[in-house]
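Position 185, counted from 1, in the sequence shown is what the working numbering calls 169; the numbers after and before it change by one each time, with no gaps.
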Amino acid sequence: MSDYFYGWYFRCQGGDGTLVVIPAVHRANGKWSCSVQVITEWGSWNKDYPIRQFRINRKKGIMQIGENVFSRREIRLKIAGNFWQIQGILRFGPFTVPGYDIMGPFRFVPGMECRHAVYSMEHCVNGELEVNGQRLKFCGGRGYMEGDSGRSFPEKYVWTQHFFDEGSIMLAAASIPLMRFCFTGTTGILLRRGKEYRFATYLGASVRRMSAGELRIRQGKYTLRVCLPENQGKELKAPNSGKMSRRIREDISCGAEYILTYEDRTLWREKTDRAAKEWEVEEQSF
């Protein structure tokens, strides 16, 4: 079997702050391993585990790494490193599942470097974690879950996610190698008032600008623009040919402005200081 990774991404937001948890399994140079990453607004931590401590039931949607359990119902954490410790339980309400696979017809294309999945655009989060003695409570909080699999993260990409009063949004653009070619593709969902608006390369969307500070997508007469802060964020480990050796940046609670227009008419505008942003990109305009 070739180099490979498979991971889930949970983002939870409540009155006490924002939390991201990333359990993953990876294979590089013939060796399997697994890991759990935890990110808060004030720090980030990573714990590597031997593969013998990894269990997964994809049919039931349950993953276990060491004493940590992840599913669509809850997260149970009991993880410690040198001078740090995280433990607690977060329980989830019913998932808001997208209408169909976020990859669209690209899910059938063999040899994709990275395949993306969105499992829930929004769900309720309740519970409490203790992070190095600091309590992080979620009472009627909001959650988002996605996943990735393949060999490596895209060489260049920008991703953002945000909860707002009427729903949530996820939008990403990335350089995508495919056989001998490479193109810049996009995919995203705006869930507003229970209605799903989808932007994707396979629906005719094109990336007009992609940088650490701005993402602009055009689909027909619609334009979805995201203005993001150009800050440093927290460091994350990401897969490169299966090995978690790459360093990327994510800000799990930052300022952002989202603007949806149809021709010259503004249909929706949202300004926040609690968005998420992940990136590895040099400025590109198209």
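Ideal placement from N, C-alpha and C gives every residue a C-beta, glycine not left out. Computed from a predicted model, the values in this text were never measured in an experiment.
Determine the contact status of residue i and residue j, defining contact as a CB-CB distance below 7 Å.
{"i": "histidine 321", "j": "aspartate 132", "result": "With the chain running from -15 to 270 in the structure shown, residue 321 is simply not present."}
{"i": "alanine 184", "j": "threonine 171", "result": "yes"}
{"i": "aspartate 0", "j": "leucine 120", "result": "yes"}
{"i": "arginine -5", "j": "tyrosine 128", "result": "yes"}
{"i": "glycine 197", "j": "leucine 208", "result": "no"}
{"i": "asparagine 52", "j": "isoleucine 40", "result": "no"}
{"i": "alanine 352", "j": "glutamine 145", "result": "Summary: the structure shown does not reach residue 352, with the chain confined to residues -15 through 270, and so no result is reported for it."}
{"i": "isoleucine 70", "j": "leucine 61", "result": "yes"}
{"i": "methionine 96", "j": "leucine 175", "result": "no"}
Considering Cα atoms alone, identify which of the options is closest to residue i.
{"i": "lysine 110", "options": "Arg75, Trp26 and Gly217", "result": "As written in the sequence, residue 110 is asparagine, which differs from the lysine given in the question. The candidate whose alpha carbon is nearest that of asparagine 110 is Arg75."}
{"i": "cysteine 238", "options": "Thr24, His10, Phe(-11) and Trp16", "result": "Thr24"}
{"i": "alanine 8", "options": "Gly14, Thr2, Cys18 and Gly1", "result": "Cys18"}
{"i": "isoleucine 335", "options": "Pro78, Gly77 and Cys98", "result": "One cannot answer for residue 335 here, as it falls past the ends of the chain, which runs -15 to 270."}
{"i": "glycine -9", "options": "Asp0, Gln(-3), Gly(-2) and Val4", "result": "Val4"}
{"i": "glutamate 150", "options": "Lys62, Arg126, Glu114 and Arg192", "result": "Arg126"}
{"i": "cysteine 123", "options": "Glu264, Thr2, Asp(-13) and Tyr(-7)", "result": "Thr2"}
{"i": "isoleucine 153", "options": "Thr80, Ser136 and Trp263", "result": "Thr80"}
{"i": "leucine 199", "options": "Tyr246, Glu214 and Lys205", "result": "Glu214"}
{"i": "glutamate 130", "options": "Tyr103, Asn116, Asn66 and Gln118", "result": "Tyr103"}
{"i": "proline 34", "options": "His10, Trp26 and Gly27", "result": "His10"}
{"i": "lysine 218", "options": "Trp26, Ile46, Met47 and Gly134", "result": "Trp26"}
{"i": "proline 94", "options": "Trp68, Gln118, Gly134 and Gln69", "result": "Gly134"}
{"i": "glycine 117", "options": "Trp68, Phe(-11) and Gly178", "result": "Trp68"}
{"i": "valine 115", "options": "Leu162, Glu234, Gln216 and Ser28", "result": "Ser28"}
{"i": "lysine 303", "options": "Phe(-11), Ile6 and Tyr(-7)", "result": "Lying before the first or after the last residue shown, residue 303 is absent from the chain, which here runs from -15 to 270."}
{"i": "glycine 65", "options": "Asp32, Pro78 and Arg91", "result": "Asp32"}
Going by beta carbon distance, what residues of the same chain come within less than 8 Å of residue i, once the five residues before and after it are set aside?
{"i": "threonine 250", "result": "Ile243 and Leu244"}
{"i": "lysine 44", "result": "Ser55"}
{"i": "asparagine 287", "result": "Residue 287 lies beyond the stretch modelled for the chain, which goes from -15 to 270, so this question has no answer here."}
{"i": "isoleucine 201", "result": "Leu155, Ala157, Thr170, Gly172, Phe183, Ala189, Ser190, Val191, Arg192, Thr207, Leu208 and Arg209"}
{"i": "glycine 178", "result": "Gly151"}
Let me see if you follow: with CB-CB separation under 7 Å, is residue i close to chain B or not?
{"i": "phenylalanine 147", "result": "Among the protein chains of the structure shown there is no chain B, as only one such chain exists."}
Can you name the start and end residues of the beta strand (DSSP E) that residue i belongs to?
{"i": "lysine 94", "result": "The sequence shown places proline at residue 94, not lysine. Careful: proline 94 lies outside any beta strand (DSSP E) and carries neither H nor E."}
{"i": "serine 190", "result": "190 to 194"}
{"i": "leucine 212", "result": "Segment: none, leucine 212 is in no beta strand (DSSP E) and carries neither H nor E."}
{"i": "tryptophan 263", "result": "249 to 264"}
{"i": "methionine 129", "result": "118 to 134"}
{"i": "isoleucine 40", "result": "38 to 41"}
{"i": "glutamate 219", "result": "218 to 224"}
{"i": "tryptophan 29", "result": "28 to 34"}
{"i": "phenylalanine 90", "result": "Looking at the DSSP string, phenylalanine 90 is not in any beta strand (DSSP E), and its letter there is neither H nor E."}
{"i": "asparagine 13", "result": "Neither: asparagine 13 is in no beta strand (DSSP E) and is coded neither H nor E."}
{"i": "arginine 177", "result": "It is not in any beta strand (DSSP E) - arginine 177 carries neither H nor E in the DSSP assignment."}
{"i": "threonine 144", "result": "141 to 148"}
{"i": "asparagine 52", "result": "52 to 55"}
Residues in its own chain within less than 6 Å of residue i by CB, not counting five upstream and five downstream?
{"i": "glutamate 254", "result": "Phe148 and Tyr242"}
{"i": "tryptophan 252", "result": "Leu244"}
{"i": "isoleucine 232", "result": "Leu220, Ala222 and Glu264"}
{"i": "tryptophan 143", "result": "Ala156 and Glu262"}
{"i": "glutamate 247", "result": "Lys205"}
{"i": "arginine 258", "result": "Ser237"}
{"i": "isoleucine 46", "result": "Ser55"}
{"i": "proline 161", "result": "Glu97"}
{"i": "phenylalanine 38", "result": "Val9, Cys18 and Ile49"}
{"i": "tyrosine -7", "result": "Ile6 and Glu130"}
Below 7 Å CB to CB, which residues in the same chain sit around residue i once its five sequence neighbours on both sides are set aside?
{"i": "asparagine 30", "result": "Ser19, Gln21 and Lys221"}
{"i": "arginine 36", "result": "none"}
{"i": "glutamate 58", "result": "Ile73, Leu74, Arg75 and Phe76"}
{"i": "alanine 12", "result": "Asp(-13), Ser225, Gly226 and Lys227"}
{"i": "glutamate 180", "result": "Pro82, Gly83 and Ile173"}
{"i": "glycine 88", "result": "Ala184 and Tyr186"}
{"i": "glutamine -3", "result": "Gly125, Arg126, Phe147 and Arg258"}
{"i": "proline 78", "result": "His107"}
{"i": "cysteine 166", "result": "Ser159 and Ile160"}
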